[in-house]
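Going by this note's numbering, the sequence shown opens with residue 1085, and the numbers climb by one from there. For every residue, glycine included, the Cβ atom is placed at its ideal position computed from N, Cα and C.
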Amino acid sequence: MKLAALAFLSCIAMFSQRSLAADNVICESKNYAAKACLHEGGPGARIDVLQQLSDNKGPCIEGQTFTYDGSSIYVNSGCRAIFRVSAGRGDQGRPRQKVVKSCASISYRPATCPVYEGRIVDVRVLREDSRGQLCRYGNGFNFDSQNIYVTNGCRAQFNVEIR
């Protein structure tokens, strides 16, 4: 019985270390790899860096090393932080829409593909045109609120969610 209670308390301690509070989320890019951390903030939710855990070699800069789409925090390039997700005030009359965009890294050179239809909320590979699965988030493509960035030979049709 004592062993079961001790195991239960250990699980609670481990869980509370990582979750901190309902509005706070730890998300870490380990070894500079891209990572997605699920957190439903709802329409119009905002994200702020509450405490940066990474050093200056892995700064957390919104739109560059971290983004948030209302359901997940995406980190890369060594960004490690405790993020605070604040509830939004709704969609403010602007529903999300989806558009398809092509973007290609020719001869393995980086390329920037602007999206003029609205603010980018999320980007997913719809159809990859390059060979060898080169289009992976954080290691072939990335995005911010206005652009899709491709590199390392990534060529694809992207399903872009905008607001």
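Just to check my reading of the structure: Phe1242 and Tyr1233 have Cβ atoms closer than 8 Å, yes? What is that Cβ distance to the nearest angstrom? At roughly 11 Å, the Cβ-Cβ gap does not stay under 8 Å, so Phe1242 and Tyr1233 are not in contact.
Spatial neighbours of Glu1245 in its chain, beta-carbon cut-off 6 Å, leaving aside the 5 residues before and after: Arg1180, Lys1182, Val1205 and Asp1206
If contacts are defined as beta-carbon pairs under 8 Å, then Val1159 and Glu1124 qualify, I think. What distance do you get, rounded to the angstrom? 17 Å between Cβ atoms; not a contact.
According to DSSP, is Asn1231 part of a helix, a strand, or is it coil? strand
Assuming contact is defined by CB atoms lying nearer than 8 Å, are Pro1194 and Thr1235 in contact in what I supplied? yes
Would you please state the rounded distance, in angstroms, between the beta carbons of Leu1122 and Ser1156? I believe it to be under 8 Å. 5 Å
Cutting at 8 Å between CB atoms, please list the residues of its own chain near Leu1134, excluding the five before and the five after it. Asn1108, Ala1165, Ile1166, Phe1167 and Arg1168
Measuring only between beta-carbons, confirm whether Ser1214 sits less than 8 Å from chain D. Looking at the structure shown, chain D is missing, and only one protein chain is on hand.
Let's test the definition: count the other Cβ atoms within 10 Å of the Cβ of Lys1185 and tell me whether it reaches 16, buried, or not, exposed. buried
Counting C-beta neighbours from all protein chains within 10 Å, is the total for Gly1040 16 or more, i.e. buried, or is it exposed? The structure shown does not extend to residue 1040, since the chain is modelled only from 1085 through 1247, so no value can be given for it.
Sequence-distant residues of the same chain with beta carbon closer than 6 Å to Ser1094, five excluded per side: Because the pLDDT of Ser1094 is 44, which lies under 50, any placement of that residue in the model is unreliable, and the question is left without a value.
Reduced DSSP secondary structure (H/G/I, E/B, other) of Lys1185: strand
Taking the alpha-carbon positions, what's the Cys1163 to Asn1223 distance? 15 Å
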